[in-house]
Amino acid sequence: MTVTPPPLDPRTAALLVMDYQQGILASLPGLANPEALLSRVAGAIADMRAHDAAIAYVRVGFTEADWAAIPPANKTFSFLGRQHLMHHEEPDSAFHAQLAPEPGDITVRKTRYGALSTTDLDRQLRDRGITTLVIAGITTSGVVLSTVADAADRDYQLYVLSDGVTDPDPQVHQTLMTSVFPRLAHIIDTAELRSLLHESHPDREKTGRA
Numbered sequence: 001m002t003v004t005p006p007p008l009d010p011r012t013a014a015l016l017v018m019d020y021q022q023g024i025l026a027s028l029p030g031l032a033n034p035e036a037l038l039s040r041v042a043g044a045i046a047d048m049r050a051h052d053a054a055i056a057y058v059r060v061g062f063t064e065a066d067w068a069a070i071p072p073a074n075k076t077f078s079f080l081g082r083q084h085l086m087h088h089e090e091p092d093s094a095f096h097a098q099l100a101p102e103p104g105d106i107t108v109r110k111t112r113y114g115a116l117s118t119t120d121l122d123r124q125l126r127d128r129g130i131t132t133l134v135i136a137g138i139t140t141s142g143v144v145l146s147t148v149a150d151a152a153d154r155d156y157q158l159y160v161l162s163d164g165v166t167d168p169d170p171q172v173h174q175t176l177m178t179s180v181f182p183r184l185a186h187i188i189d190t191a192e193l194r195s196l197l198h199e200s201h202p203d204r205e206k207t208g209r210a
């Protein structure tokens with residue numbers, strides 16, 4: 001049975017563009033057709049901008065103090081700290097040029113998987129009256145999983161872009177998208193996002209105004 005996603009009000013929605021960084025993309029050579037993925041996310045950003053929705057960019061990046069503060073018990077991030085990877089001022093931690101932020105966008109730097117746990121993103125979203133999040137990010141089993149679970153606990157309405165998230169492990173990706181995320185979020189693709197936005201302002205294309 002097909003479940004119709006609920007209406008999406010762009011005035012209270014934000015698109016989260018997470019970990020689309022030079023170094024992360026380069027470290028995942030197994031990703032299928034990264035150029036097509038980037039193009040789809042760029043399209044989602046443009047669609048959200050056209051309806052005056054917020055765009056929030058999330059990237060992982062470390063200072064020397066951040067590296068030193070990572071405890072050995074954290075398997076993933078202690079490795080990054082020991083290897084001094086993803087320094088926040090190095091090109092590897094920059095957003096991909098095709099998805100670059102614009103003035104007025106929210107941008108945050110994190111030091112763990114989730115977009116909310118080590119940033120002030122939640123406060124910035126609440127200050128703008130944001131109650132709905134549209135999720136795009138790499139990887140599905142990393143930033144997307146952590147952020148979806150955390151944001152659900154914070155009572156955001158959630159949409160995950162099925163063609164705006166990806167993972168180097170197709171089986172893990174499929175399990176999350178079909179068995180885990182549907183319990184927490186509405187699963188849509190970028191075409192469905194465009195339709196939902198158009199439905200929120202059905203006269204925009206005729207009048208050129210919201």
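When we follow UniProt numbering, the leftmost residue of the sequence shown carries the number 1, and every step to the right adds one. The C-beta atom is built at its ideal place from N, Cα and C for all residues, glycine as well.
Other residues of its chain near R128: CB distance less than 7 Å, five sequence neighbours each side excluded
A54
State whether the stretch 161-181 contacts the stretch 128-137, with contact taken as three or more CB pairs (one from each stretch) at a distance under 8 Å.
yes
Okay, do the stretch 148-155 and the stretch 25-33 touch, 3+ Cβ pairs below 8 Å being the bar?
no
Do L99 and V41 come within 8 Å of each other at the CB atom, strictly closer than that value?
yes
Compare the Cα-Cα distances from T140 to each of I24, L80, M86 and L193 and report the closest residue.
I24
Skipping 5 residues on each side, what residues in its chain have a beta carbon closer than 8 Å to that of P71?
S78
Out of Q21, N33, H186 and T119, which one is the CA nearest neighbour of V160?
H186
Can you tell me whether S146 is buried or exposed, with buried defined as 16 or more other CB within 10 angstroms of its CB?
buried
Locate the beta strand (DSSP E) running through S162, then write down its first and last residues.
Q157 to T166
Buried or exposed, going by whether 16 or more other CB atoms sit within 10 Å of the CB of T207?
Confidence at T207 is low in this model, with a pLDDT of 40, below 50, so the placement of that residue is unreliable and no value is reported for it.
Going by the beta-carbon positions, is the gap between D105 and Y57 smaller than 8 Å?
yes
Could you name the residues that DSSP lists as bridge partners for I187?
V160
Whole alpha helix (DSSP H) elements within the stretch 14-80, 4-residue minimum:
22-26, 34-50 and 64-69
Start and end of the alpha helix (DSSP H) containing A152?
L145 to D153
Determine the burial state of V60: buried for a count of at least 16 other Cβ atoms within 10 Å of its Cβ, exposed for fewer.
buried
Which residues does DSSP pair with F95 in a beta bridge?
Q21
Any contact of the stretch 35-52 with the stretch 192-200, i.e. 3+ C-beta pairs under 8 Å?
yes
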